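Peer 1: Chains L and X are the protein sequences, given in the same order. The end of the first sequence is residue 437 by our numbering, with every number in the run present. The end of the second sequence is residue 515 by our numbering, with every number in the run present.
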Amino acid sequence: MTVEVVILAVALIGGLYMAWSIGANDVANAMGTSVGSGALTLGAAIALAAVFEFGGAVLAGSSVTETISRGIIEISLFEPTGPLGEDGPALLAVGMLSALLASAIWLHLATHLGLPVSTTHSIVGSIFGIGIVSFGLSGVAWGSMIRIAMSWVISPLLGGLLSFLSFTAIRRWILRSPDPVAATRRYSPHLVGAVVVVMTLSFIYKVLHNRIEAAPVLFAIVIAAGLGIVAAVLAGALVRNTQPPERMGRYDYVERVFGLLQIATACFVAFAHGANDVSNAVGPVATIVTIHHAGFTNVAAQVGIPFWILVMGGVGIVTGLATFGYKVIATIGRQITEITPSRGFCAEFGAATTVLLASSLGLPISTTHTLVGGVIGIGFAQGIAALNLRMIRNIVNSWLATVPISAAVAAVLFLIARQIVL
Amino acid sequence: MRSILGLFGKSPFGPLTHHAEWVHETVVRIRPLFEAFAAEDWERTEEIYEEISELEHKADMIKNDIRDHLPKSMFMPVDRGDILIFLREQDRIADAVEDLGVLLTMRRTPTPPALRDGLFELVDAVIRTSEAWYETSRELPMLQEASFTGPEVTRVLEQINRVSELELEADDKQAAITKELFEHEEEIGPVSVMLWFNIFRVLGAVANHAENTGDFLRLMLARR
């Protein structure tokens, strides 16, 4: 067995492990709020998560995967014509493998220690480390790296803002109304319409974008608005004749309707999460596969991400979900009792919209941190009983620590592997 | 676990209602306590006092638990200080009931026939005030669900006004019976007068604290 095959095999196993770990741990944040609020049973949450995570990964995972694969370090420096000569492509493959393993090791350790680290920050940090060891500061694609770092600050803020605004609207139009039941019947179809418009727009720009020539803006808006109106009318017909059952409090009725709406946003979150987070597992694998494909003679022969790699990532995530993730979802669902469907709806809507927006810009962001931003946004709109703001500090700390630590671990692994392979 | 669990603090609103339940349990024992005392059944008086004491302790434990889970880093839809001051005042209702128990078990004092009717009128007025407060306190989880806005707030504010009205009635009853007490000061005797004066004062305090609890809830809602 040649070294090349060993590198490829280890990369595939490492990528699958990362995908498994994402499915086992990170999906829980997206789905746990729905289970916790009682909008979905555990079984339904797993089934929907599996379908939409896989769909997101396979249909919409390519642009962020592209960024992880080629956008963080200056991969043109690894061409055979570059400073490393003919060893360039092999070194890049070894580097990406080291980054993948370093990230897996750090995530495993951090999960064990109970630190709220982000898969995204970890893989980006690792690849960044490879760039630094190989060429110093000039090995990093700074333009893209700065965009990514900025998106890490902006995404929780944007998620928070969108959630804040949607909960404020619900509070203003439904909770504050003299008759919350009637107000729910009146305004929930509008919310359904809004969600469908956002989901359709992101689907057009995120999924179809790669398959058809750039969708005309007007066409996209007309389609989205049309579907939104249809959905709103349907929802209106469904909700019109419902009455709160005897002895049911008015807020119980409101929450029951939002429980249905939250099923849609939960799927939306799972889709967005799959689209964004699959790259953390398969981004480095894609680079290695491309190099392997070219017989280790160049680094950028192939354009685009091979479809089967995204499928592999999707399968890994679903496997993680099925083997371990359901336990984590159950635990989170049991413990998040403070979040009701109206709040869960807003948090998920804000977070999913932000994540998909970032994904279409090819920016790898942390889904968990965005969701945390969403929950805090609802807290600021007086929607949540008690929020531990120390969590913000923990997240900032974990972010500041994860990038240098995973970079250092990747660098060390790379230096060792380089000695062995060459 | 790479989870968002750490973000969620323990909600104080359910436990505040829970605390109110134990406090209310002490309040419902005020009437049996005075009945036993008036019947000069000292053993029974002692028993009820011990029950009250135990209930007050349970309320205290919940109070401490709520305080332990409200560090300064906790962000809530209402002011943290307002919640703590509300809790303190609610707890003082049970403290006052316990004080009543202490007063009634201190000295075997016969209840003068002249005070009897007025005494039970005052007791009932105090209990009515306190029950009205209990109804408002039980609305806290619902208020949180409604995000402290809308018809729920209007309804609770009306209930708080009702507590104030009932407290005013209890005040009048207290003034009337205290006057009655001094009218019979010769036959009752100075030591008993002192004891009764204090009993009426502490009974009034139960209603006062109930009213204050309602007022602090109003403050919590008014800052929205």
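Using N, Cα and C, we set each Cβ at its ideal position, and we do this for glycine too. Computed from a prediction, not measured in an experiment: that's the story for all the values here.
Tell me, please, whether the CB atom of Glu-270 of chain L is closer than 9 Å to any CB atom in chain X?
Peer 2: It does; some Cβ of chain X falls within 9 Å.
Peer 1: Does DSSP put Phe-286 of chain L in a helix, in a strand, or in coil?
Peer 2: Helix.
Peer 1: May I ask you to verify whether the region 284-294 of chain L touches the region 58-72 of chain L, counting CB pairs closer than 8 Å and requiring at least 3?
Peer 2: Enough Cβ pairs lie closer than 8 Å, so yes.
Peer 1: By the criterion of Cβ-Cβ separation under 9 Å, what are the contact partners of Lys-301 of chain X in chain L?
Peer 2: In chain order: Glu-353, Ala-400 and Ala-401.
Peer 1: Do His-310 of chain X and Lys-363 of chain X have their beta-carbon atoms positioned less than 9 Å apart in this structure?
Peer 2: Not closer than 9 Å, so no.
Peer 1: Using a cut-off of 8 Å between C-beta atoms, extract the partners of Ile-468 of chain X located in chain L.
Peer 2: Those within 8 Å of Ile-468 of chain X in chain L number zero; the least Cβ separation is about 41 Å.
Peer 1: Pull up the CB-CB distance for Pro-442 of chain X and Ile-357 of chain X, whole angstroms please, since I reckon it's below 8 Å.
Peer 2: Not confirmed; about 27 Å, so no contact.
Peer 1: Counting only beta-carbon atoms, is Met-292 of chain X nearer than 9 Å to chain L?
Peer 2: At Met-292 of chain X, the pLDDT of 45 sits below 50, so the modelled position is not reliable; the number obtained from the coordinates is stated separately. Closer than 9 Å to some Cβ of chain L, the Cβ of Met-292 of chain X qualifies, so yes.
Peer 1: Under DSSP, the alpha helix (DSSP H) around Asp-506 of chain X begins and ends at which residues?
Peer 2: Its alpha helix (DSSP H) spans residues 481-513.
Peer 1: In terms of residues, what are the limits of the alpha helix (DSSP H) holding Ser-455 of chain X?
Peer 2: Ser-455 of chain X -> alpha helix (DSSP H) spans 442-474.
Peer 1: Can you confirm whether Asp-194 of chain L, when its beta carbon is compared against all beta carbons of chain X, has any partner nearer than 9 Å?
Peer 2: Chain X contact via Cβ: present.
Peer 1: Could you tell me if the beta carbon of Gln-450 of chain X falls within a distance shorter than 8 Å of some heavy atom in the ligand GDP?
Peer 2: Looking at this structure, you won't find the ligand GDP or any other ligand, since it has none at all.
Peer 1: So that I know if they touch, is there some Cβ in chain L lying closer than 9 Å to that of Ala-501 of chain X?
Peer 2: No, because no Cβ of chain L sits closer than 9 Å to the Cβ of Ala-501 of chain X.
Peer 1: Does Val-418 of chain L have its Cβ less than 9 Å from a Cβ in chain X?
Peer 2: No, because no Cβ of chain X sits closer than 9 Å to the Cβ of Val-418 of chain L.
Peer 1: Please list the partners that Asn-44 of chain L has in chain X, where partner means a Cβ-to-Cβ separation under 7 Å.
Peer 2: Neighbours of Asn-44 of chain L on chain X, chain order: Ser-294 and Ile-295.
Peer 1: Using a Cβ cut-off of 9 Å (strictly closer), state whether Ala-396 of chain L contacts chain X.
Peer 2: Judged by the 9 Å Cβ criterion, Ala-396 of chain L is in contact with chain X.
Peer 1: How would you call Thr-257 of chain L, buried or exposed, if buried means at least 16 neighbouring beta carbons within 10 angstroms?
Peer 2: By the 10 Å Cβ count, Thr-257 of chain L comes out exposed.
Peer 1: For chain L, find out if any of its Cβ atoms is closer than 9 Å to the Cβ of Ser-505 of chain X; answer yes or no.
Peer 2: Sequence check: residue 505 of chain X is Gly here, not Ser. False, the Cβ-Cβ gap to chain L never drops below 9 Å.
Peer 1: How would you call Pro-439 of chain L, buried or exposed, if buried means at least 16 neighbouring beta carbons within 10 angstroms?
Peer 2: Residue 439 of chain L lies beyond the stretch modelled for chain L, which goes from 16 to 437, so this question has no answer here.
Peer 1: Would you decide whether Val-333 of chain L is buried or exposed? Buried here means 16 or more other CB atoms lie within 10 Å of its CB.
Peer 2: By the 10 Å Cβ count, Val-333 of chain L comes out buried.
Peer 1: Per the DSSP calculation, Asn-365 of chain X is bridged to which residue(s)?
Peer 2: Note that residue 365 of chain X is Met in the sequence shown here, rather than Asn. Bridge partners of Met-365 of chain X: L:Asn-403.
Peer 1: Does the CB of Met-406 of chain L have a neighbour CB from chain X at under 9 Å?
Peer 2: Chain X, which has a Cβ nearer than 9 Å to the Cβ of Met-406 of chain L, makes this yes.
Peer 1: Any C-beta of chain X within less than 9 Å: which residues of the region 124-135 of chain L qualify?
Peer 2: Answer set for the region 124-135 of chain L: Ala-125, Thr-126, Gly-129, Leu-130, Pro-131, Val-132, Ser-133 and Thr-134.
Peer 1: Can you pull out the residues from the region 366-394 of chain L whose beta carbon lies closer than 8 Å to at least one beta carbon of chain X?
Peer 2: Here the close residues are Thr-383, Leu-386, Val-387, Val-390, Ile-391 and Gly-394.
Peer 1: Taking Leu-176 of chain L as the query, report the chain X residues whose CB atoms sit under 8 Å from its CB, ordered along the chain.
Peer 2: Going along chain X, no residue has its Cβ under 8 Å from Leu-176 of chain L, so there is no contact; the nearest lies around 17 Å.
Peer 1: Indicate whether at least one CB of chain X lies closer than 9 Å to the CB of Tyr-266 of chain L.
Peer 2: Yes, Tyr-266 of chain L lies at the interface with chain X (some Cβ there is under 9 Å from its Cβ).
Peer 1: Count the other C-beta atoms from every protein chain shown that fall within 10 angstroms of the C-beta of Ala-330 of chain X, then say buried if there are 16 or more, exposed otherwise.
Peer 2: Burial call: exposed.
Peer 1: Can you tell which of L:Ala-24, L:Gly-348, L:Gly-175 and L:Leu-437 has the C-alpha that lies nearest to the C-alpha of Asn-44 of chain L?
Peer 2: Nearest option by C-alpha distance: L:Gly-348.
Peer 1: Residues of chain L with a CB under 9 Å from the CB of Gln-450 of chain X: which are they?
Peer 2: Those within 9 Å of Gln-450 of chain X in chain L number zero; the least Cβ separation is about 16 Å.
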